[in-house]
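Reviewing the structure listed below.
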Amino acid sequence: MATTPEELYLQSLDANVTPAEQARIRLALEQDVTFARTAVHYQRIRQHLLRPETATFGPFFPETVLQRIKNLKNAIDYQIVLFFKRYQLAAWGILVALLILNLALADQLSFTSVMGMEETTTEDVLTFDFLNDITR
Amino acid sequence: MKVLDDDELIARARTGDLSAFKAIVGRHEKRVAGIVKTMLGATAEAQDVGQEVFIRFYEALEQYRGDAALSTYLSRMAMNLALNELKRRQRSFWFFSSDETVAHQQPIPEGLDLAEALQLAFRKLAPEFRAVATLRLVEGYSAEESASILSIPVGTVLSRLARAQKKLKEQLQQQLD
Numbered sequence: 041m042a043t044t045p046e047e048l049y050l051q052s053l054d055a056n057v058t059p060a061e062q063a064r065i066r067l068a069l070e071q072d073v074t075f076a077r078t079a080v081h082y083q084r085i086r087q088h089l090l091r092p093e094t095a096t097f098g099p100f101f102p103e104t105v106l107q108r109i110k111n112l113k114n115a116i117d118y119q120i121v122l123f124f125k126r127y128q129l130a131a132w133g134i135l136v137a138l139l140i141l142n143l144a145l146a147d148q149l150s151f152t153s154v155m156g157m158e159e160t161t162t163e164d165v166l167t168f169d170f171l172n173d174i175t176r
Numbered sequence: 017m018k019v020l021d022d023d024e025l026i027a028r029a030r031t032g033d034l035s036a037f038k039a040i041v042g043r044h045e046k047r048v049a050g051i052v053k054t055m056l057g058a059t060a061e062a063q064d065v066g067q068e069v070f071i072r073f074y075e076a077l078e079q080y081r082g083d084a085a086l087s088t089y090l091s092r093m094a095m096n097l098a099l100n101e102l103k104r105r106q107r108s109f110w111f112f113s114s115d116e117t118v119a120h121q122q123p124i125p126e127g128l129d130l131a132e133a134l135q136l137a138f139r140k141l142a143p144e145f146r147a148v149a150t151l152r153l154v155e156g157y158s159a160e161e162s163a164s165i166l167s168i169p170v171g172t173v174l175s176r177l178a179r180a181q182k183k184l185k186e187q188l189q190q191q192l193d
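Going down the list, the protein sequences come from chains F and V. Residue numbers for the first sequence follow the numbering used here, so the first one is 41 and each next one is one higher. Residue numbers for the second sequence follow the numbering used here, so the first one is 17 and each next one is one higher.
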């Protein structure tokens with residue numbers, strides 16, 4: 041809440057003030073020379089700040105934006121990102137559900153049991169090695 | 017030829033009509049440029065942020081529900097990205113001495129006229145004060161519109177505006193007297 045005439049004056053520039061507050065500002069402007077000068081300073085600052093002309097990003101800005109969009113659309117990475125963006129919530133949900141399921145079914149709370157790796161046998165590993173040897 | 021409104025252009029852009037999206041960019045470029053260039057200065061980063069605003073909007077076309085006017089929506093996005101860029105500049109101070117931080121530290125040189133000094137003083141404002149000053153004092157939005165764009169109460173806008181103007185006046189005493 042504005043307490044000093046200066047604060048009240050600043051508030052009056054951006055919002056409605058009551059008739060009583062307007063009268064208080066008017067009185068302060070008439071009686072206090074320093075405050076009157078301060079008010080003029082604020083007016084000058086505001087006049088200089090208000091944008092005189094419209095800003096732009098220069099010529100061909102829409103064309104540049106469109107080119108970037110086309111480049112993005114063409115990039116394979118973009119398609120992958122979009123794919124994951126679309127399904128990331130569902131994927132996270134499934135992952136968490138599977139982990140919880142594994143956790144519930146596991147006999148112990150070790151990393152290997154939760155991740156389902158305790159089911160891996162020596163034969164599985166040897167089979168993989170065997171296949172690698174064949175393809176080499 | 018009939019001039020399409022924003023909703024019609026968005027509907028066409030959703031079907032893949034890039035010329036409709038180009039029309040949206042052309043229509044709202046000035047508003048976005050005003051906010052971004054006032055916040056960041058006429059820099060290469062400002063141009064990048066401006067492009068990023070429209071690219072993100074394109075990516076979010078399907079999610080855009082039209083709760084707020086498109087101009088307000090884009091202004092909010094522009095302000096958020098500009099504030100992010102200012103934060104990034106401040107973080108980079110730990111590694112480099114960026115223009116932003118140098119401007120904060122140096123006093124306003126003597127002999128500048130009010131317009132030049134005001135530009136420097138404006139860059140010294142903290143981002144939250146610069147944001148309200150940009151919307152209300154430079155771009156001419158009402159206090160209510162500024163509050164809507166920044167997602168803060170009107171009272172906060174008014175108090176930040178008052179503090180921003182006091183800070184500017186303190187720094188520009190020489191030019192104002």
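C-beta atoms are modelled at their ideal positions from N, C-alpha and C, and glycine is treated no differently. Small disclaimer: the values here were computed from a predicted structure and weren't measured.
*asked:* Would you call the stretch 102-113 of chain F in contact with the stretch 36-52 of chain V, where contact means no fewer than 3 C-beta pairs closer than 8 Å?
replied: The stretch 102-113 of chain F is in contact with the stretch 36-52 of chain V.
*Distance between V/L77 and V/Q181 (C-alpha atoms, nearest Å)*: Computed Cα separation, rounded: 38 Å.
*Kindly give me the distance between the Cβ atoms of F/D54 and V/L174, rounded to whole angstroms, as I take these residues to be in contact under 8 Å.*
6 Å
*Under a three-way DSSP split, which group does F/R91 fall into?*
coil
*Neighbourhood of V/A159 by C-beta, 8 Å cutoff - its chain only, sequence neighbours within 5 removed*: R152, V170, V173, L174, L177
*What whole-angstrom Cβ distance do V/L90 and F/I85 have, given they're in contact under 8 Å?*
Incorrect: roughly 28 Å between the Cβ atoms, too far for contact.
*Where V/T31 and F/A137 are concerned, what is the direct C-alpha to C-alpha distance, given to the nearest angstrom?*
36 Å
*From this set, F/S52, F/E46, F/F97, F/I134, which residue's C-alpha is nearest F/D72's C-alpha?*
Measuring from the Cα of F/D72, the nearest candidate turns out to be F/E46.
*asked:* What I want to know is whether the C-beta of F/F100 ends up closer than 7 Å to one or more non-hydrogen atoms of the ligand SAH.
replied: Absence of the ligand SAH is noted for the structure shown, with no ligands found whatsoever.
_Min CB distance F/I109 to chain V below 8 Å_ = Chain V places a beta carbon closer than 8 Å to that of F/I109, counting this residue as a contact.
*Can you list the residues of chain V that F/L90 reaches, using a CB-CB cut of under 9 Å?*
L153, V154, E155, G156
_Between the alpha carbons of V/G127 and V/V19, how many angstroms are there, rounded?_
50 Å
*Measure from the C-beta of V/A29 to each C-beta in chain F and report whether the shortest distance is under 8 Å.*
no
*asked:* Can you pull out the residues from the stretch 133-153 of chain V whose beta carbon lies closer than 8 Å to at least one beta carbon of chain F?
replied: L134, F138, A149, R152, L153
_Taking its Cβ as the centre, do 16 or more other Cβ atoms sit within 10 Å of F/S150, making it buried, or is it exposed?_
exposed
*On the three-state DSSP scale, how would you describe F/A97?*
The question names Ala, but residue 97 of chain F in the sequence shown is Phe. Here F/F97 sits in coil by DSSP.
*Which residue from V/D22, V/L102, V/Y74 puts its Cα closest to that of V/A84?*
V/D22
*Residues near V/L99 by beta carbon distance below 8 Å, same chain, minus five either side*: M55, P143, A147
_Short CB-CB distance (under 8 Å) between V/I71 and chain F_ = The beta carbon of V/I71 sits closer than 8 Å to some beta carbon of chain F.
_Exposure of F/F100, with buried meaning 16 or more beta-carbon neighbours within 10 Å_ = Burial is judged here by how many other beta carbons sit within 10 angstroms of a residue's own beta carbon; F/F100 has fewer than 16 and is exposed.
*Under 8 Å between the Cβ atoms of V/K53 and F/T94?*
no
*In this structure, does DSSP put V/E78 in helix, strand or coil?*
coil
_Contact residues within the stretch 46-78 of chain V, judged by C-beta distance below 7 Å to chain F_ = From the stretch 46-78 of chain V, only K46, A49, G50, K53, Q63, G66, Q67, F70, I71, Y74 have a Cβ closer than 7 Å to chain F.
*So is V/A163 in contact with chain F if we call contact Cβ pairs under 8 Å?*
no
*When you compare each of V/R179, V/A137, V/L166 to F/H88 by their alpha carbons, which one comes out closest?*
V/A137
*asked:* Taking only three categories from DSSP, how would you classify V/D23?
replied: Residue state, collapsed to three classes: helix.
*Mind checking F/T58: buried by the 16 CB within 10 Å criterion, or exposed?*
exposed
_Range covered by the alpha helix (DSSP H) that runs through V/P143_ = 143-149
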